[in-house]
Amino acid sequence: MSNTVFHMDNQWLPFTPNRTFKQDPRVFVGAEGMHFTTHDGKKVIDGISSLWCVGAGHNRRPINEAIKNQLDTLDYATAFQASNDKAFKAAQMIADMAPGDLNKVLFCNSGSEAADTALKVALAYHRARGEGHRNVFIGREKGYHGVNFGGMSVGGLPANRKVYGAQLLPRVDHMRFIHDPVNHAYIHHEEPVWAEDPLLELENRILVLHDPSNIAAVIVEPIAGSAGWYIPPQGYVKRLREICDKHGILLIFDEVITGFGRLGVNFGADYYGVVPDMLNFAKAVTNGVIPLGGVICRDFIYDAMMNANSPAHAIEFFHGYTYSGHPVACAAAIATLDLMKEENLFARAGQQGRVLGDAMHSALKGLPNVVGIRTLGLAGAVELASIPGTPGKRAYDIFMDCFHHGVWVRPAGENIVICPPYIVQDAHIDQIVQTLADSIRRHA
Ligand SMILES: Cc1ncc(COP(=O)(O)O)c(C=O)c1O
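Quick note, the sequence shown lines up with residues 946 to 1389 if you use this note's numbering.
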């Protein structure tokens, strides 16, 4: 690659080994449907929806047109003490899609901001009700809620936390992880039935230690996405809801990955039949085209904050971003959600998820170093035996090798994750899975 095309000296790449990147760069200059085009003219299939974002596939004209129209109509308007028509419309569409009385949408720009917003709402809500002492947060080991300090604190991915340990939020605890590699290494579109109840630890240790009356909120991803698509055991999500209800603890679902169709339905909350008190979203809501995130809150949370004894001109919640409800992002969300509905893409994700699950289990099980496969919805992970002394290297090498064979997958620890756009066809799934299988064999 020639540096006359573009210079790589100034961009510090996120979540990327910068030192080696330039020796073998992955640079995309175009995308259409299921594929990227690289700077040197290669076609690469997007096996991960560009990090769980591009549900409808790349370069969708209705979304692009909506953005262009919005730019020509209202490019931007301040979000404080005012709003815009697209923000109201997007909020209404999102609230209509959300289950139960999840009706109030606080917009932000990313999943990380959604996490910190939700945690702040939890504290402010409890305080508005005279329970300001409820300030403990409970996350889960290997949870991922973005990279800001709140989300990182309740998150449980060790590599993301270790450098910042001394400055993470105090009064945070973590539930145990939800993986049983001995009895449930292979999960094929099912909810594993565990002999033991992993939530006993929450009830008998964590709640007792902090006292339930001090706990503000529990935050979980319905399915642990960034860690590598780890699926909770049967009954877990419902029981978590019951425990939170019993103790007046808010339950936050981080649905940045599971939201907007990945499981074949609107949200993970729908999949599990559980309504959380807050639901975080981002990514697929705009098909990834423009940053937009948010937190959908149940009515009672909003009502409690509005009933605070303060004068009518006083702001009820001192929080917001310059770009909260940005009209261009909201126009993109409206067009995305319309398109998803028009093309019935959530149902398609569910249907193609079966095809992906079948393909992964039949092509990858039994290959060298494969120690687990977990599929549910339109996503799956294959777990590989760690190379002693170099954790993550096998998955990284396979990811790079797949790229060189025209397939973009995601390394996550010892896992390779596949989560293609909802428009994926059987032949694409075949190509992705067969390329991965060949690569796993090459790295035996
Ligand atoms: C569950 C979850 N929460 C939060 C985030 C952070 O989102 P962002 O990268 O938009 O800040 C992610 C990103 O992958 C995520 O998967």
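Using N, Cα and C, we set each Cβ at its ideal position, and we do this for glycine too.
For residue i, three-class secondary structure by DSSP
i, result
"residue 947", "Confidence at residue 947 is low in this model, with a pLDDT of 42, below 50, so the placement of that residue is unreliable and no value is reported for it."
"residue 1133", "strand"
"residue 1263", "coil"
"residue 1426", "Past the boundaries of the shown model lies residue 1426; the chain is included only from 946 to 1389, so the question cannot be answered."
"residue 1335", "coil"
"residue 1375", "helix"
"residue 961", "coil"
"residue 1349", "helix"
"residue 1385", "helix"
"residue 1230", "helix"
"residue 1091", "coil"
Residue of the options minimising C-alpha distance to residue i
i, options, result
"residue 1019", "1009, 1008 and 1031", "1031"
"residue 1065", "1265, 1344 and 1315", "1265"
"residue 1048", "1244, 1225 and 1060", "1244"
"residue 907", "1078, 1342 and 1239", "Nothing about residue 907 can be reported from this structure: the residues present for the chain run from 946 to 1389 only."
"residue 974", "1182, 1371, 1154 and 987", "987"
"residue 1302", "1325, 1312 and 1249", "1325"
"residue 1183", "1216, 1207 and 1263", "1216"
"residue 952", "1315, 976, 984 and 978", "984"
"residue 1089", "1188, 1122 and 1079", "1122"
"residue 1284", "1275, 1005 and 1160", "1005"
Opening and closing residue of the beta strand (DSSP E) in which residue i lies
i, result
"residue 1181", "Note, residue 1181: premise wrong, no beta strand (DSSP E); alpha helix (DSSP H) at 1181 to 1192."
"residue 1223", "1223 to 1226"
"residue 952", "Segment: none, residue 952 is in no beta strand (DSSP E) and carries neither H nor E."
"residue 1199", "1195 to 1199"
"residue 1083", "1081 to 1085"
"residue 1050", "1047 to 1053"
Endpoints, alpha helix (DSSP H) assigned at residue i
i, result
"residue 1250", "1244 to 1251"
"residue 1005", "Unbroken run through residue 1005: none, as it is neither H nor E."
"residue 1096", "1094 to 1099"
"residue 1298", "1290 to 1309"
"residue 1155", "1152 to 1155"
"residue 1065", "1056 to 1073"
"residue 994", "994 to 997"
Residues sharing a beta bridge with residue i, DSSP
i, result
"residue 982", "975 and 988"
"residue 1175", "1169"
"residue 1360", "1328 and 1357"
"residue 1318", "1131 and 1327"
"residue 1013", "DSSP lists no partner for residue 1013."
"residue 1206", "According to DSSP, residue 1206 bridges with nothing at all."
"residue 1117", "1082"
Contact between the segment 1146 to 1155 and the segment 1053 to 1061 (3+ Cβ pairs under 8 Å): no
Counting pairs of beta carbons, one from the segment 1174 to 1184 and one from the segment 1120 to 1137, are three or more of them closer than 8 Å? yes
The segment 1275 to 1293 touching the segment 1071 to 1090, judged by at least three CB pairs closer than 8 Å: no
Does the segment 1195 to 1202 come into contact with the segment 1165 to 1175, if we say contact requires no fewer than three beta-carbon pairs (one atom in each stretch) closer than 8 Å? yes
Evaluate the contact criterion for the segment 1244 to 1258 versus the segment 1001 to 1021: three or more CB pairs, one atom per stretch, below 8 Å. no
Any chance the segment 954 to 961 sits against the segment 1300 to 1320, with 3 or more Cβ pairs inside 8 Å? no
Tell me whether the segment 1358 to 1370 and the segment 1331 to 1343 touch, counting them as touching only if at least three CB pairs, one residue from each stretch, are closer than 8 Å. yes
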